Amino acid sequence: MNEKHVECLLMKNSIEMLTDFFMVLTDGYNPALIYVTLTLDRNLDERDYFVLPKHLGGNNEQENRRHFEHINKTKTPVSSVSERIIENFQWCLDHLIMCNQAPALFQSKYHMDNLNTVIHNVQNQILHIVEDWQATTHEYYICNEQRFLCIQGQGKSLMLNFGCYIH
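Residue numbering for the sequence shown follows the numbering used here, beginning at 395 and increasing consecutively.
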């Protein structure tokens, strides 16, 4: 296993642990979630992420195509990957602050500084992975609850799915 592969595994683990921590703090109904998919040996097709569940008609090719076309209308080119990553993490944090079971934590400067440091470290891990990719980046906005950031390098892909859900 080479160094880059280890860095990627650490980055994925850091995002998963941060999301797990968000789940500890959430109110239980309105989570802020971050999912990551990473490949270093091929480009991913983002259409694979926008397939309707079967109970919503996802077993029908025409419905899946219509669903993707609807989502594809929101596709926006991203000129600054770092700005989008920072904004999306902040969006999740703002949602968590609004919908949580530990308001005292968010009122404490000490705790907020520590949480912001953890988030900043995760952001830096992501940026370090993609810094030399010469990537094409775009983002999809789905139902005001999801932002799907696609970073595509030559033969490698990073998909970050940021979700702030209201139930």
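Where is the CB? At the ideal position from N, CA and C, for every residue including glycine. Computed from a prediction, not measured in an experiment: that's the story for all the values here.
Using a threshold of 9 Å, state whether the C-beta atoms of residue i and residue j are closer than that.
i: residue 430; j: residue 401; result: no
i: residue 544; j: residue 440; result: yes
i: residue 428; j: residue 486; result: yes
i: residue 559; j: residue 424; result: yes
i: residue 482; j: residue 554; result: yes
i: residue 556; j: residue 443; result: no
i: residue 546; j: residue 438; result: yes
Could you check which residue in the options has the C-alpha nearest to that of residue i?
i: residue 412; options: 465, 529, 426, 399; result: 426
i: residue 414; options: 504, 513, 482; result: 513
i: residue 399; options: 467, 550, 443, 501; result: 550
i: residue 518; options: 396, 405, 490; result: 405
i: residue 552; options: 454, 462, 521; result: 521
Below 8 Å on the Cβ atoms is my contact criterion, and I expect residue i with residue j to pass it. Report the Cβ-Cβ distance as a whole number of Å.
i: residue 495; j: residue 432; result: Incorrect: roughly 31 Å between the Cβ atoms, too far for contact.
i: residue 525; j: residue 478; result: That belief does not hold up - the Cβ atoms of residue 525 and residue 478 are roughly 15 Å apart, past 8 Å.
In angstroms, rounded to a whole number, what distance separates the CA positions of residue i and residue j?
i: residue 501; j: residue 516; result: 22 Å
i: residue 471; j: residue 507; result: 32 Å
For a minimum of 4 consecutive residues, which ranges assigned as the alpha helix (DSSP H) are wholly contained in the stretch 431–499? With a minimum length of 4 residues, the continuous alpha helix (DSSP H) runs that stay inside the stretch 431–499 are 455–466, 475–492.
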